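The sequence shown begins at 168 in our numbering and counts up by one.
C-beta: ideal position from N, C-alpha, C; glycine also.
All values derive from a computational prediction rather than experimental measurement.
Heads up: the structure comes next, in structure tokens.
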Amino acid sequence: MTYEIDVWGRVRRSLESATAQAQASADDLAVVQLTVETDVAQFYYGLRSLDAQAQILTENVASYREQVRILSAQLKSGLVSPIVVNQAQAQLQATLAQQRDIERARADQEHALAILCGRPAPSFTVAPNPLHEGSPPAVPPGLPAQLLARRPDVAEAEQTLVAANAQIGVATAAFYPTFNLTGAAGFESANLSSLFNWRSAVASIAPSISFPIFQGGRLNANLEATEARYRQTVAAYVNQVLVAYADVEDALTDLHALSDEVGSLREAVSASENYLRLAQAQYKFGLADYLIVIDAERTLLANQLSLAQAVNLQMASSIHLIKALGGGWNPS
Numbered sequence: 168m169t170y171e172i173d174v175w176g177r178v179r180r181s182l183e184s185a186t187a188q189a190q191a192s193a194d195d196l197a198v199v200q201l202t203v204e205t206d207v208a209q210f211y212y213g214l215r216s217l218d219a220q221a222q223i224l225t226e227n228v229a230s231y232r233e234q235v236r237i238l239s240a241q242l243k244s245g246l247v248s249p250i251v252v253n254q255a256q257a258q259l260q261a262t263l264a265q266q267r268d269i270e271r272a273r274a275d276q277e278h279a280l281a282i283l284c285g286r287p288a289p290s291f292t293v294a295p296n297p298l299h300e301g302s303p304p305a306v307p308p309g310l311p312a313q314l315l316a317r318r319p320d321v322a323e324a325e326q327t328l329v330a331a332n333a334q335i336g337v338a339t340a341a342f343y344p345t346f347n348l349t350g351a352a353g354f355e356s357a358n359l360s361s362l363f364n365w366r367s368a369v370a371s372i373a374p375s376i377s378f379p380i381f382q383g384g385r386l387n388a389n390l391e392a393t394e395a396r397y398r399q400t401v402a403a404y405v406n407q408v409l410v411a412y413a414d415v416e417d418a419l420t421d422l423h424a425l426s427d428e429v430g431s432l433r434e435a436v437s438a439s440e441n442y443l444r445l446a447q448a449q450y451k452f453g454l455a456d457y458l459i460v461i462d463a464e465r466t467l468l469a470n471q472l473s474l475a476q477a478v479n480l481q482m483a484s485s486i487h488l489i490k491a492l493g494g495g496w497n498p499s
């Protein structure tokens, strides 16, 4: 049995480096876990946004079908021109194509979510749940910079830095002699019958010392390489912190901009609904042709779909901010 007397701190620094490397590996696992969690959240809200768009299109398709039926009957009676019916049919078919596209996108989104959840796609289903109203958590003003330390990628870079710094101590200690205590224990007897008698037990302890002679070039090169790796990890750590700050700023900018965009689109939807009501009233009393009604319907549908997409982007930017802060924040 050999025991090294840690005079120069080589063993202590080696243990410090190994502990930091183990923690860095744990932080790397946390990076993967956080990424999967936020990806699942984004795919889920994306699925709900597609449900909202599908609901909007389904309602419009039903309305357009009824309009085509009524206009076709009026065409037979000579009350409308063929161009009006053709416009209504074109609008219906275009909306049906949009509906099919949303159905395809939803299936793809659901399959991607199944993969993230570790489930086979054919047996994985998420019930439709339209997302019409986004409710991202309120962001308190002046989020503390300390929250960035919770990011697992920043923590991983920090522990890698600690490990690299400890390795400098190990490389420096290699220049100095190593002190060891070597011990041995056993049994010794002239007679086999008394070999394992406690009075036959023997033990010895002997000190030893080893010097790193004729290794100066190798040790110097090793120290220089270790210091270079440390400087590299310092640069990587600083870069990771800068990336973290940029992530937070990007997420905050997107969240504020999308909140304003959602508000504007809600007003646009309201104005489009008024436009459609006025167009229908004017057509009913013969003050406008049916093309104005079709234009009003197209405008309303486009704004409704844009609003549903903006609400999804708003939720996605909120999830991005949660990820950028390493898992969210305490509202208090």
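- [ ] Any chance you could list the beta strand (DSSP E) runs of at least 3 consecutive residues sitting entirely within the stretch 194 to 274, in chain order?
- [x] none
- [ ] Please classify Leu445: does DSSP put it in a helix, a strand, or coil?
- [x] helix
Open item on the list: Does Gly494 come out as helix, strand or coil in the three-state DSSP assignment?
Closed with: Here Gly494 sits in coil by DSSP.
Task: Cutoff 8 Å; reference Glu300; Cβ partners in own chain excluding five residues on either side - done: Contacts found: Val478.
Task: CB of Val228 within 8 Å of CB of Leu238, strictly - done: No, these two residues do not count as a Cβ contact at 8 Å.
Task: Range covered by the alpha helix (DSSP H) that runs through Gln313 - done: Unbroken run through Gln313: none, as it is neither H nor E.
Task: Classification of Ile250 by the beta-carbon crowding that lies within 10 angstroms, buried from 16 upward - done: exposed
Task: Arg465, DSSP secondary structure in three states - done: helix
- [ ] Following the continuous alpha helix (DSSP H) through Ala322, name the residue where it begins and the one where it ends.
- [x] Pro319 to Ala340
- [ ] Return the CA-CA distance between Thr162 and Asp414, expressed in angstroms with no decimal places.
- [x] In the structure as shown, the chain begins at 168 and stops at 499. Residue 162 is therefore absent and cannot be evaluated.
Open item on the list: Taking the alpha carbon of Gly298 as the reference point, which residue from Ala279, Ile335, Glu394 and Phe210 has its own alpha carbon closest?
Closed with: As written in the sequence, residue 298 is Leu, which differs from the Gly given in the question. For the residues Ala279, Ile335, Glu394 and Phe210, the minimum Cα distance to Leu298 belongs to Phe210.
Task: Supposed contact pair Leu259 and Tyr231 - C-beta distance, whole angstroms, cut 8 Å - done: About 4 Å separates the two Cβ atoms, so the contact holds.
Open item on the list: So, for Ala418: in the same chain, excluding its five sequence neighbours on each side, which residues have a beta-carbon less than 7 Å away from its beta-carbon?
Closed with: Ser484, His487, Leu488 and Ala491
TODO: Compare the beta carbon distance of Thr393 and Gln326 with 8 Å and say whether it is the shorter of the two.
DONE: Taking 8 Å as the cut-off, the Cβ atoms of Thr393 and Gln326 do not count as close.
TODO: Compute the distance between the beta-carbons of Ala281 and Ala272, then report whether it is under 8 Å.
DONE: no
Task: Glu416, buried or exposed, once every other Cβ within 10 Å from all chains shown has been counted against 16 - done: A residue is called buried when at least 16 other Cβ atoms come within 10 angstroms of its Cβ; Glu416 does not meet this threshold and is exposed.
Task: Residue nearest to Ala503 in terms of C-alpha spacing, selected from Ile461, Gln399, Glu434 and Val329 - done: Residue 503 is absent from the model: the chain starts at 168 and stops at 499.
Open item on the list: Given a cut-off of 8 Å on the beta-carbon distance, is the pair Ser439 and Thr400 in contact?
Closed with: Cβ distance not < 8 Å, so Ser439 and Thr400 don't count as in contact.
Task: Residue burial classification, Asp194 (beta-carbon count within 10 angstroms, cutoff 16) - done: buried
TODO: State buried or exposed for Ala402, treating a residue as buried only when at least 16 other CB atoms are found within 10 Å of its CB.
DONE: exposed
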